[in-house]
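A.B. asks: Protein chains in written order, with the numbering used here: chain A, 1 to 185; chain B, 186 to 452.
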């Protein structure tokens, strides 16, 4: 569950991150994402919560008036302290035992309703977009890199452009799936 | 400075030497291109996991990451659902421009014949396409009751809504010594109609020992359940309480208590 940054320090943090609300919001999410990757690669529990804790500490330092030359670098420093705290707490579990009981998957099957909703949303995409998604994810001619390279070449676009189109198509699907009307159908 | 995908994947899985990983950490916070590359590699990692393309060691590491990160679980589930939905779409190949040009110049009679054959072929594909495609097999659990690393089974338990309350009558589950994962099916009373997602916390005393966000509600006939996969290391013998509430609302959580006991290992 996401723990939010304390309300009194949010405006100060956002103001420090960008000139406009859009810029601040993007920077905030980018910084949060970096912190999540930072904590996640150390296999710490709930990296999202740790990222929020790090941002909370960063925000409080800004409110306190600490001079910060580079917010990302400062956030990294806070992350390192927080990671050390967490790993100290974890040190009771011997490092060897940590991998002996690797947790089994928490994977769940997608429900039929989830799949059906996504199918309905796939129909709202332009036909070429839907076909592009299928070609990107389901066509297999060797490795994914090779397959997608061929797909991009066939379409006359670069691999980067192909990835961007896939990203946008998935974004549209996500918006459709989470829209209230989609849930009611 | 471009970083190889293999190194980025090793970073994500926590398999780089400390000094190399620390260097990448520093670069991650100063280089947005590297950040983007790592996120793309994570997307690729999720896809390889779902398609069964990871080595056993990578698979185990990725599952460990998933078990610790609700947001990563959500991303995995999201792509799994997309792949399942795409697999059910009718087969329509992307027609590259040169092929369209060739088709345009074929004689009308041959064109009509090709059209009829194509329609018959597509109809055959649709009739034969079902949920038991190789993709469905790959996106399902690789081995329903086996861990990929040690072969220990999943232990299944149900928390029914009909279980009487009171500390003297709490349901108790004996976790076998060989069980490495508990699949706890918690019945939800009076769930909202349609799909819903739930935030779940598992407490031992005041401490949260496990949690997950946006767990989808499953329905079996008139009953509705939340399926929780909890690894053994979070289940010392004792008294537990599972609290669950709708992700979309901030109302009171439903609660259910149970006991964990441990069987002695069988000889």
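All residues carry an ideal CB built from backbone N, CA and C; glycine is no exception.
Fair warning: this is a prediction, and the values are worked out from it, not measured in the lab.
Using the DSSP secondary-structure output, state which residues sit across from residue 397 of chain B in a beta bridge.
C.D. replies: DSSP lists B/385 as partners of residue 397 of chain B.
A.B. asks: Which class does residue 65 of chain A belong to by DSSP, given the choice of helix, strand or coil?
C.D. replies: Residue state, collapsed to three classes: coil.
A.B. asks: Does the Cβ of residue 308 of chain B have 16 or more other Cβ atoms within 10 Å, making it buried, or fewer, making it exposed?
C.D. replies: Residue 308 of chain B is exposed by the Cβ-count criterion.
A.B. asks: Can you list, in chain order, the residues of its chain with a C-beta nearer than 6 Å to that of residue 9 of chain A? Leave out the 5 residues immediately preceding and following it.
C.D. replies: Excluding positions up to five away in sequence, the list reads 59, 60 and 63.
A.B. asks: Can you list, in chain order, the residues of the region 252-278 of chain B whose Cβ is nearer than 9 Å to any Cβ on chain A?
C.D. replies: So the close ones are 252, 253, 254, 255, 256, 257, 258, 261, 262, 263, 264, 265, 266, 267, 268, 269, 270, 271, 272, 273, 274, 276, 277 and 278.
A.B. asks: Compute the beta-carbon to beta-carbon distance between residue 186 of chain A and residue 272 of chain B, rounded to the nearest angstrom, for a pair I have assumed lies under 8 Å.
C.D. replies: What is shown of chain A runs 1 to 185, which leaves residue 186 of chain A out entirely.
A.B. asks: Would you please verify whether the beta carbon of residue 285 of chain B is less than 9 Å from any beta carbon of chain A?
C.D. replies: With a pLDDT of 49 at residue 285 of chain B, under the threshold of 50, the modelled position of that residue is not reliable, and no figure is offered here.
A.B. asks: Is the beta carbon of residue 477 of chain B sitting closer than 9 Å to the one on residue 399 of chain B?
C.D. replies: Any property of residue 477 of chain B remains undetermined from this structure, which presents chain B solely from 186 to 452.
A.B. asks: Mind checking whether residue 144 of chain A and residue 229 of chain B have CB atoms under 9 Å apart?
C.D. replies: Yes, they are a contact pair.
A.B. asks: Anything in the region 362-396 of chain B with a Cβ closer than 7 Å to a Cβ of chain A? List those residues in chain order, please.
C.D. replies: Cβ contacts with chain A: 365, 366, 379, 380, 384 and 396.
A.B. asks: To the nearest whole angstrom, what separates the beta carbons of residue 111 of chain A and residue 403 of chain B, a pair I think is in contact under 8 Å?
C.D. replies: Residue 111 of chain A to residue 403 of chain B, Cβ: 6 Å. Contact.
A.B. asks: So the beta strand (DSSP E) residue 373 of chain B belongs to, where does it begin and stop?
C.D. replies: Per DSSP, residue 373 of chain B belongs to no beta strand (DSSP E) and is neither H nor E.
A.B. asks: For residue 51 of chain A versus residue 76 of chain A, is the C-beta distance shorter than 9 Å?
C.D. replies: Not closer than 9 Å, so no.
A.B. asks: How would you write the range of the alpha helix (DSSP H) that residue 38 of chain A sits in, first residue to last?
C.D. replies: Where residue 38 of chain A is concerned, the enclosing alpha helix (DSSP H) stretches over 21-40.
A.B. asks: So which residues on chain B does residue 115 of chain A lean against when the C-beta distance must stay under 8 Å?
C.D. replies: The answer, in chain order, is 266, 269, 270 and 273.
A.B. asks: Identify, in the order they occur along the chain, each residue of the same chain with its Cβ nearer than 6 Å to the Cβ of residue 384 of chain B, setting aside the five sequence neighbours on each side.
C.D. replies: So the list reads 398, 430 and 432, once near-sequence residues are dropped.
A.B. asks: For the beta strand (DSSP E) that contains residue 390 of chain B, what are its first and last residues?
C.D. replies: Counting along the chain, residue 390 of chain B falls outside any beta strand (DSSP E), and DSSP gives it neither H nor E.
A.B. asks: Determine the DSSP secondary structure at residue 443 of chain B, reduced to helix, strand or coil.
C.D. replies: It is a strand residue.
A.B. asks: Please classify residue 406 of chain B: does DSSP put it in a helix, a strand, or coil?
C.D. replies: DSSP places residue 406 of chain B in coil when its eight states are reduced to three.
A.B. asks: With a threshold of 8 Å on Cβ separation, who are the neighbours of residue 180 of chain A within its own chain once the five nearest residues in sequence on each side are excluded?
C.D. replies: Closer than 8 Å at Cβ, skipping near neighbours: no residue.
A.B. asks: What is the DSSP secondary structure of residue 157 of chain A, reduced to helix, strand or coil?
C.D. replies: Of the three classes helix, strand and coil, the one that applies to residue 157 of chain A here is coil, per DSSP.
A.B. asks: Looking at the secondary structure, which residues open and close the alpha helix (DSSP H) in which residue 234 of chain B lies?
C.D. replies: Looking at the DSSP string, the run of the alpha helix (DSSP H) that includes residue 234 of chain B is 217-235.
A.B. asks: If I'm right that residue 133 of chain A touches residue 169 of chain A with Cβ under 8 Å, what's the distance once you round it to whole angstroms?
C.D. replies: Indeed they touch by this definition, with Cβ atoms about 6 Å apart.
A.B. asks: Go ahead and pull the three-state DSSP assignment for residue 142 of chain A.
C.D. replies: It is coil, neither helix nor strand.
A.B. asks: Would you decide whether residue 19 of chain A is buried or exposed? Buried here means 16 or more other CB atoms lie within 10 Å of its CB.
C.D. replies: Residue 19 of chain A is exposed by the Cβ-count criterion.
A.B. asks: Which residues in chain B sit within 7 Å of residue 130 of chain A, going by Cβ to Cβ distance?
C.D. replies: Per Cβ cutoff of 7 Å: 274.
A.B. asks: For residue 85 of chain A, would you say it is in contact with chain B, using Cβ-to-Cβ distances shorter than 9 Å as the test?
C.D. replies: Residue 85 of chain A does not count as touching chain B.
A.B. asks: Rounded to whole angstroms, how far is the Cβ of residue 388 of chain B from the Cβ of residue 426 of chain B, which I believe are closer than 8 Å?
C.D. replies: Yes, residue 388 of chain B and residue 426 of chain B are in contact; Cβ-Cβ is about 5 Å, under 8 Å.
A.B. asks: Would you report the Cα separation of residue 235 of chain B and residue 247 of chain B, rounded to the nearest angstrom?
C.D. replies: So the alpha carbons of these two residues sit roughly 11 Å apart.
A.B. asks: Rounded to whole angstroms, what is the Cα-Cα separation between residue 129 of chain A and residue 414 of chain B?
C.D. replies: Near 35 Å, if we compare the C-alpha coordinates of residue 414 of chain B and residue 129 of chain A.
A.B. asks: Quick check: residue 226 of chain B and residue 197 of chain B, are their CB atoms within less than 9 Å of each other?
C.D. replies: Closer than 9 Å, so yes.
A.B. asks: Residues of the region 133-150 of chain A with a CB closer than 8 Å to any CB of chain B: list them in chain order, please.
C.D. replies: Within the region 133-150 of chain A, the qualifying residues are 133, 134, 135, 137, 138 and 144.
A.B. asks: Put residue 431 of chain B into one of helix, strand or coil per three-state DSSP.
C.D. replies: Strand.
A.B. asks: Taking only the alpha-carbon atoms, compute the straight-line gap between residue 262 of chain B and residue 115 of chain A and give it to the nearest angstrom.
C.D. replies: Distance between the alpha carbons of residue 262 of chain B and residue 115 of chain A: 11 Å.
A.B. asks: If you measure from the beta carbon of residue 54 of chain A to each beta carbon in chain B, is any gap under 9 Å?
C.D. replies: Answer no: the Cβ-Cβ gap between residue 54 of chain A and chain B never drops below 9 Å.
A.B. asks: Taking residue 15 of chain A as part of the alpha helix (DSSP H), name the residues at either end of that continuous run.
C.D. replies: Here the alpha helix (DSSP H) through residue 15 of chain A covers 10-17.
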